[in-house]
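Quick notes on the structure that follows.
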Amino acid sequence: MDMDIPQQTSWMVKKIIEARGIIQQLPTSQLNQSSIKQIYLGMLGNHSRVTWRALMFHNDARPKARFTMWMQCHGRLMTTDRLAKWGIQVNTICCFCNGTNETHTHLFGECSFAKAVWGRLIQWLQIQVNTNHDYAQKMAWITAKAKGKSCAARLLKMAYAEYVYGLWRERNSRIFEGTSRTIEQVEREMACVCNIRAQGGMRARLQQLRF
Numbered sequence: 001m002d003m004d005i006p007q008q009t010s011w012m013v014k015k016i017i018e019a020r021g022i023i024q025q026l027p028t029s030q031l032n033q034s035s036i037k038q039i040y041l042g043m044l045g046n047h048s049r050v051t052w053r054a055l056m057f058h059n060d061a062r063p064k065a066r067f068t069m070w071m072q073c074h075g076r077l078m079t080t081d082r083l084a085k086w087g088i089q090v091n092t093i094c095c096f097c098n099g100t101n102e103t104h105t106h107l108f109g110e111c112s113f114a115k116a117v118w119g120r121l122i123q124w125l126q127i128q129v130n131t132n133h134d135y136a137q138k139m140a141w142i143t144a145k146a147k148g149k150s151c152a153a154r155l156l157k158m159a160y161a162e163y164v165y166g167l168w169r170e171r172n173s174r175i176f177e178g179t180s181r182t183i184e185q186v187e188r189e190m191a192c193v194c195n196i197r198a199q200g201g202m203r204a205r206l207q208q209l210r211f
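Once you know that position 125 of the sequence shown is 125 in full-length UniProt numbering, the rest is easy, because the numbers rise by one and skip nothing.
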């Protein structure tokens with residue numbers, strides 16, 4: 001029986017209803033594991049791989065940190081420039097440097113506070129990198145270094161996820177709670193979390209480093 005899909009229906013329910021229609025058209029004898037897989041892949045569609053996908057795999061950061069990083073990589077975090085475009089009255093000036101409007105690329109690539117935190121975190125990990133990279137260069141470097149399952153790659157992707165999450169939390173605390181911490185305090189918390197989350201060879205490596 002055909003049925004109209006209401007416009008307000010969530011995307012997940014829409015996909016389920018669409019899948020039911022496709023499956024109902026197939027003879028029962030043809031419904032095996034292979035055909036179901038093909039239906040699933042067909043409904044997913046063709047999407048190009050994102051360049052930062054390596055950051056998501058074998059990442060030992062906290063789940064909420066990985067999710068925040070995923071949102072950041074997609075450019076979906078609610079920065080003030082996005083809110084302003086939607087007609088929401090907000091102060092669009094960056095709460096860290098107070099020098100320019102808060103945008104996705106500014107917050108995670110150009111802000112002097114964010115650069116200083118990232119520089120200290122990378123120095124603690126004893127990784128050589130140009131901390132003056134712009135956002136695009138920074139992401140290109142991180143995604144290239146984060147490929148693979150080596151100890152260095154896993155440490156970097158965990159540290160970056162905790163960096164994004166820690167920076168976003170500090171930003172929210174300043175805007176919504178009126179509290180602020182120093183660059184050293186923010187970076188030290190990120191390093192402590194990495195020490196706690198690290199396992200095996202990564203933990204042994206981090207225990208040799210000094211804050």
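Idealized CB from N, CA, C, for every residue including glycine.
Using 8 Å for Cβ pairs, my map puts residue i next to residue j. What's the rounded Cβ distance?
i           : j      : result
His104      : Gly148 : Actually they are not in contact, since the Cβ atoms of His104 and Gly148 sit about 27 Å apart, beyond 8 Å.
residue 216 : Asn101 : Residue 216 falls outside the range modelled here, since the chain spans only 1 to 211, and no answer is possible.
Ala161      : Arg66  : 5 Å
Arg188      : Glu170 : The pair is not a contact, with the Cβ atoms about 12 Å apart (cut-off 8 Å).
Ile183      : Val117 : 6 Å
Buried or exposed: which applies to residue i, given that a residue is buried once 16 or more other Cβ atoms fall within 10 Å of its Cβ?
i      : result
Gln137 : exposed
Gln72  : buried
Ala204 : exposed
Lys115 : buried
Arg210 : exposed
Ile142 : buried
Val50  : exposed
Gly179 : Gly is not the amino acid found at residue 179; the sequence shown has Thr there. Per the 10 Å Cβ criterion, exposed.
Trp52  : buried
Using a C-beta cutoff of 8 Å, does residue i count as contacting chain B?
i      : result
Trp124 : No chain B appears in this structure, which consists of one protein chain only.
In angstroms with no decimal places, state the Cα-to-Cα distance between residue i and residue j.
i      : j      : result
Gly201 : Gln207 : 10 Å
Met56  : Arg154 : 10 Å
Leu77  : Trp168 : 9 Å
Thr131 : Lys145 : 15 Å
Cys194 : Ala61  : 7 Å
Tyr165 : Ala84  : 22 Å
Glu177 : Met158 : 27 Å
Gln185 : Val90  : 27 Å
Trp124 : Cys192 : 11 Å
Asn98  : Tyr135 : 19 Å
Gln126 : Leu156 : 11 Å
Leu121 : Thr79  : 23 Å
Arg174 : Met190 : 17 Å
Ser150 : Ala54  : 12 Å
Ala140 : Phe108 : 13 Å
Met69  : Pro63  : 10 Å
According to DSSP, is residue i part of a helix, a strand, or is it coil?
i      : result
Ile142 : helix
Asn101 : strand
Ile93  : strand
Cys111 : coil
Val129 : coil
Leu77  : coil
Arg49  : coil
Leu206 : helix
Arg82  : helix
Phe57  : coil
Ala116 : helix
Ala191 : helix
Arg66  : helix
Gln199 : coil
Ile88  : coil
With respect to 7 Å, is the separation between the Cβ of residue i and the closest non-hydrogen atom of the ligand MN below this value?
i      : result
Val186 : This structure lacks the ligand MN; in fact it carries no ligand of any kind.
- Item | In chain order, each alpha helix (DSSP H) run of at least 4 residues that lies wholly inside the segment 142 to 186 | 151 to 172
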